[in-house]
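Given below as structure tokens:
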């Protein structure tokens, strides 16, 4: 019989995707399975064991449903099945991603809150994802141990990940037959899904512009490599569940007055505030509130009718400059909080309400400052409400978790604490405010949602002055004492590194911001063993020649591109040297130093600074041009540059950034053309500006002229080591990956500039030339950003800036700062 105390059994096909330990690839494969099943027409509900917010963001992207968490510590063991069924309403399969190793749970809790614990409570079969990259037959012993360790955990399948070869995979699969656990699929180490796994656990989906495309690729790989039909059959072996789905309407209630209006709770979202549980919003709506998301990076006012604030988790320290730049919203929030508007601020929200984060101005509603620390705080917490306040009555015990790398500078006064943690004050609380590092799951503590909603209903909008928010007349918010640095050298000798000063974020220097490869670092260290002998660059020249398919005699190693330009300037008594501009000014400086007077030919900004060979004087005997050009980022077609070649003329092409172009399209380094010299630099892509390493490729007679000008042993042992290492097949593969990544990161910058209405030149290099208006360069310095001034490049003025490509999170901070400056011309 089915009655109030005997809910109807619910059939829900489901699987837990687990692993023996972290790092086996379960996040990637679980997300890929969700995406593959969704794209195959299944209605997939997505769940995550533990308190994590980031993985559910990818789950939501893969399935189109909210990502939900199953965590006994946060919500209580008895709520796991109801919450699972709530998230899986109308779904035909549920996929649950585990956490850490299968049996790893709360420290000292004997496996409490582990994946195995959740699988047992929810009666969900388990599929193990196992990284086999460092073993073969031993994998079977490990799987057998996982199967037999706890008989209540039903392991029904294995997915083999990171196989080195088909033979390696066959050995593992053969050994696994003895365990009786079927192998559902084999993924090779080079299947192209390792990189997404590396990023999934680091950057929220809302901050990754390529997340949807990465999931499409991942879904296709999973569908090809894993037997989805067998996996579905195993999911259908899950027993029925005897429970009613969780319902927020049974947990909270709106005011008794049915005619009462629905006040607005403004919930922080966007790139800086990505952490919140789906059930939080559902509880607030069930309690009679409307929830409206606002973006602290872009919105200059709170939603109309705001009567409550919920500032969840995220990375405000990453987006600090962008948040600081939005002065109008900060002022509105400060007025709202200080007026007594009910406010919950968890972790990121706490930081945002502080006066400063690492010296950058925040809302200032709290008299507190926060700083980054080297130590990560990651732990479950059990806290007590110290006094009757917004989140509960005195003595109420609440469970939650912390995950942060910042700390408050000042200790929390126990008399104003939001919680007591081990007897000490934690966070800041009052009748209208709860701000702390603690993340709470309101499905586990619905009374907190009710108290907050009741306070929101009781608040009278308008008392905070939100109808007429204070607006800043400044285009860019001041950080305090300005880092005003007046560049020293001017004109042709000015270099981007002169832009840098302590405290400035570097968008000025075109050095790749990725980590230097270990193999390159090792080569540089090993080169120290050679410093006792005079350096011999012939080995490096042979390696470079092989890399470009040229004879070794057509390669000259140099101490960077700067030496190359100097050698070219002194090589011959040039009669009419021409430099095509705008471009890097070192060729002009080298020609002037050699006693020549270079003539400048200007490209037209109206054509995107395209090269027009007919504009170069016919009798020019030396023509120097960049490709892709610094600072315009323009990539000239190879055939257009070839049109500059003619008898009696030398054409020098500076390809310092060509290795950052995917496929090195339009490079002439491999083309043995009479009168052509190609200059290359290793400084940029490989992040080694302290090692002056470069080379020139060209005809033997031309290179003999350059060698005659070169000082003996000008190329150091370290530079030789760098040239040799970066010409290897391993280096070329790494360079291709870096070039692709640069293009992806550059798209974040150009997409943002497009959204802002900022004109820029179609880029091919790891920098973008943007027209932002006069004075912007200095204004950006005053709020902490160094971009390359453009008025020292012939043909450009102060209305342009050159912006180096950086990681998306860093780029978005700059874009958020620029956002309030428009309109752009």
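Residue numbers (my numbering): 370 to 1194. Ideal Cβ positions, reconstructed from N, Cα and C, are used throughout, including at glycine.
Identified DSSP bridge partners for residue i
| i | result |
| --- | --- |
| residue 946 | 991 |
| residue 1154 | 874 |
| residue 438 | 417 |
| residue 529 | 499, 555 |
| residue 1064 | 926, 1049 |
| residue 795 | 788 |
| residue 386 | 466, 496 |
| residue 738 | 725 |
Option nearest residue i by Cα separation, candidates the options
| i | options | result |
| --- | --- | --- |
| residue 488 | 470, 505, 504, 503 | 470 |
| residue 1053 | 758, 715, 1026 | 1026 |
| residue 626 | 827, 535, 602 | 827 |
| residue 737 | 748, 724, 746 | 724 |
| residue 666 | 649, 641, 682, 684 | 641 |
| residue 924 | 934, 912, 1012 | 912 |
| residue 811 | 697, 531, 615 | 615 |
| residue 1174 | 902, 894, 1029, 908 | 1029 |
| residue 555 | 444, 639, 540 | 540 |
| residue 824 | 801, 790, 590 | 801 |
| residue 933 | 534, 898, 1051 | 1051 |
| residue 1168 | 1152, 1127, 1133 | 1127 |
| residue 1007 | 1017, 979, 989 | 979 |
| residue 1113 | 1031, 1096, 1186 | 1031 |
| residue 501 | 1184, 1096, 389, 424 | 389 |
| residue 972 | 995, 963, 671, 796 | 995 |
| residue 381 | 446, 766, 605, 418 | 605 |
| residue 657 | 822, 775, 898, 683 | 822 |
| residue 939 | 920, 922, 926, 961 | 961 |
| residue 617 | 819, 1108, 764 | 819 |
Contact check, residue i vs residue j, beta carbons under 8 Å
| i | j | result |
| --- | --- | --- |
| residue 1163 | residue 770 | no |
| residue 734 | residue 726 | no |
| residue 1003 | residue 975 | no |
| residue 936 | residue 1079 | yes |
| residue 347 | residue 749 | Past the edges of the chain, shown from 370 to 1194, lies residue 347, and the structure says nothing about it. |
| residue 636 | residue 621 | no |
| residue 1139 | residue 1172 | yes |
| residue 663 | residue 717 | no |
| residue 805 | residue 686 | no |
| residue 456 | residue 414 | yes |
| residue 495 | residue 524 | yes |
| residue 323 | residue 1014 | Absent from the model: residue 323. The displayed extent of the chain is 370 to 1194, so no value can be given. |
| residue 603 | residue 384 | yes |
| residue 1150 | residue 882 | no |
| residue 468 | residue 484 | yes |
| residue 930 | residue 1063 | yes |
| residue 906 | residue 1084 | yes |
| residue 378 | residue 596 | no |
| residue 760 | residue 817 | yes |
| residue 1066 | residue 1038 | yes |
| residue 680 | residue 752 | no |
| residue 1135 | residue 1158 | no |
| residue 813 | residue 444 | yes |
| residue 986 | residue 945 | yes |
| residue 531 | residue 558 | yes |
| residue 900 | residue 1179 | no |
| residue 545 | residue 512 | yes |
| residue 928 | residue 1076 | no |
| residue 600 | residue 553 | yes |
| residue 792 | residue 781 | no |
| residue 465 | residue 493 | yes |
| residue 815 | residue 653 | no |
| residue 876 | residue 1183 | yes |
beta-carbon residue i near the ligand PLP non-hydrogen atom, thresh 7 Å
| i | result |
| --- | --- |
| residue 964 | The ligand PLP is not among the ligands present in this structure, which contains no ligands whatsoever. |
For residue j and residue i, believed in contact at Cβ under 8 Å, the rounded distance
| i | j | result |
| --- | --- | --- |
| residue 1129 | residue 1119 | 6 Å |
| residue 786 | residue 755 | 5 Å |
Any contact of the stretch 945-956 with the stretch 1099-1109, i.e. 3+ C-beta pairs under 8 Å?
no
task = Examine the Cβ distances between the stretch 398-408 and the stretch 583-590 and report whether three or more of them are shorter than 8 Å.
result = yes
**Asked** Is the stretch 645-659 in contact with the stretch 431-439, if contact means three or more CB pairs nearer than 8 Å?
**Response** yes
Taking contact to mean 3 or more Cβ pairs, one atom from each stretch, closer than 8 Å, check whether the stretch 1040-1058 and the stretch 1086-1097 are in contact.
yes
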